[in-house]
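These notes are about the structure you will find just below.
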Amino acid sequence: MKILLLAASLRKDSINKKLINLVAKLLAKESKVDVNLVEFSEFNVPLYNGDIEDNEGIPSGTVKFIKRLQAVDGLILASPEYNFSVPGTLKNLLDWTSRYKPIPWAEKPVLLISASPSLAGGSRGLLHTRVSLEVCGAYVFPKMFSLANAYEAFNFQGMLNDKELQIQLRQKVTTFLHFVKQLQKG
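Going by this note's numbering, the letters in the sequence shown line up with residues 78 to 263, in that order.
This is the structure:
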């Protein structure tokens with residue numbers, strides 16, 4: 078099984094990058110999972126503009142992301158929350174990918190996770206992200222993971238200080254892998 082891991086943040090020291098790196102560590106222990114951890118900055122795309130699409134087609138950064146997405150069985154997406162919603166850079170990538178035919182999100186399993194310094198842990202932004210992905214046909218996993226007070230949540234090894242939260246994250250990821258496997262069976 079191939080899983081794409083992406084933190085939808087451009088910040089070098091992003092707490093969502095820390096969270097997705099923790100997921101990568103957890104998945105490294107899964108023998109039958111091929112993990113593809115990518116940087117959001119690899120997919121440099123202009124702001125969506127129908128004129129660009131009409132005159133130049135889909136930007137190369139979008140096509141690069143689409144090829145990565147098409148090559149995997151599922152995606153684990155760690156997204157920050159900006160003003161209780163989807164970060165503009167992620168929404169822009171979603172808008173561009175929705176213009177590609179066939180839509181690459183169709184029937185793609187996605188697990189949404191977030192780390193935030195707020196008490197809500199980014200959950201409000203994940204709800205908005207979920208809607209955009211579902212409109213594009215993605216199978217968004219019913220349970221999401223939100224890490225509150227994230228600036229204090231990680232230890233020096235990149236693990237969570239709260240062992241119970243780490244167990245919850247592991248369980249969500251493991252259950253998501255079973256979800257992907259069931260979808261593969263049809």
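The C-beta atom is built at its ideal place from N, Cα and C for all residues, glycine as well.
All figures in this text were calculated on a predicted structure; none of them were measured in a lab.
Problem set entry | As assigned by DSSP and simplified to three states, the class of GLY127 | Working through the sequence shown from its first residue, we reach residue 127 at position 50. In the structure shown, GLY127 sits in a helix (DSSP, three-state: H, G or I).
Exercise. Between the C-alpha atoms of GLU158 and THR139, what's the straight-line distance to the nearest angstrom?
Worked result: Position 81 of the sequence shown holds residue 158. Position 62 of the sequence shown holds residue 139. Each residue's Cα considered, the two are about 22 Å apart.
Problem set entry | CA-to-CA distance, LYS106 to LEU124, given in whole angstroms | Numbered from 1 along the sequence shown, position 47 holds the residue referred to as residue 124. Numbered from 1 along the sequence shown, position 29 holds the residue referred to as residue 106. Taking C-alpha positions only, LEU124 is separated from LYS106 by approximately 38 Å.
Exercise. Straight-line CA distance for ASP172 to PHE233?
Worked result: One-based indexing of the sequence shown puts residue 172 at position 95. One-based indexing of the sequence shown puts residue 233 at position 156. Take the alpha-carbon of ASP172 and the one of PHE233: they are about 36 Å apart.
Exercise. Grouping DSSP H, G and I as helix and E and B as strand, with all else coil, what is ILE190?
Worked result: If you number the sequence shown from 1, residue 190 lands on position 113. Under the three-state reduction of DSSP output, ILE190 falls in the strand class.
For this session: Could you name each continuous beta strand (DSSP E) segment of 3 residues or more that falls completely within the stretch 148-204, going from the start of the chain to the end?
Result: Listed in chain order, the complete beta strand (DSSP E) runs (minimum 3 residues) inside the stretch 148-204 are 151-155 and 186-192.
Exercise. With burial defined as no fewer than 16 other Cβ atoms inside 10 Å of the residue's Cβ, what is the status of ASN126: buried or exposed?
Worked result: What you label residue 126 is simply residue 49 of the sequence shown in a count that begins at 1. Exposed, since its Cβ has fewer than 16 Cβ neighbours within 10 Å.
Exercise. Going by the beta-carbon positions, is the gap between TYR228 and ILE92 smaller than 8 Å?
Worked result: By 1-based counting over the sequence shown, the position of residue 228 is 151. By 1-based counting over the sequence shown, the position of residue 92 is 15. The Cβ-Cβ distance between TYR228 and ILE92 falls below 8 Å.
For this session: Can you give me the Cβ contacts of GLU184 inside the same chain, cut-off strictly under 7 Å, excluding the 5 residues immediately before and after it?
Result: Taking the first residue of the sequence shown as 1, we reach residue 184 at position 107. Excluding residues within five positions, the ones whose Cβ falls inside 7 Å are GLY214 and TYR216.
Problem set entry | Selection from PRO186, MET221 and LEU196 that minimises the alpha carbon distance to SER156 | In the sequence shown, residue 156 corresponds to position 79, counting from 1. Residue MET221 is the option with its Cα nearest to SER156.
Problem set entry | Beta-carbon proximity check, ALA85 vs PRO179, cutoff 8 Å | Taking the sequence shown and counting its residues from 1, one reaches residue 85 at position 8. Taking the sequence shown and counting its residues from 1, one reaches residue 179 at position 102. Cβ atoms of ALA85 and PRO179: not closer than 8 Å.
For this session: Under 8 Å by Cβ, that's how I've got PHE142 and PHE120 pegged, so tell me the actual separation to the nearest angstrom.
Result: To locate residue 142, count along the sequence shown from 1; it is residue 65. To locate residue 120, count along the sequence shown from 1; it is residue 43. Confirmed, Cβ separation roughly 4 Å.
For this session: Please name the residue or residues paired with TYR216 in a DSSP beta bridge.
Result: As a working note, residue 216 is residue 139 in the sequence shown. According to DSSP, which records beta bridges pairwise, TYR216 is partnered with PRO186.
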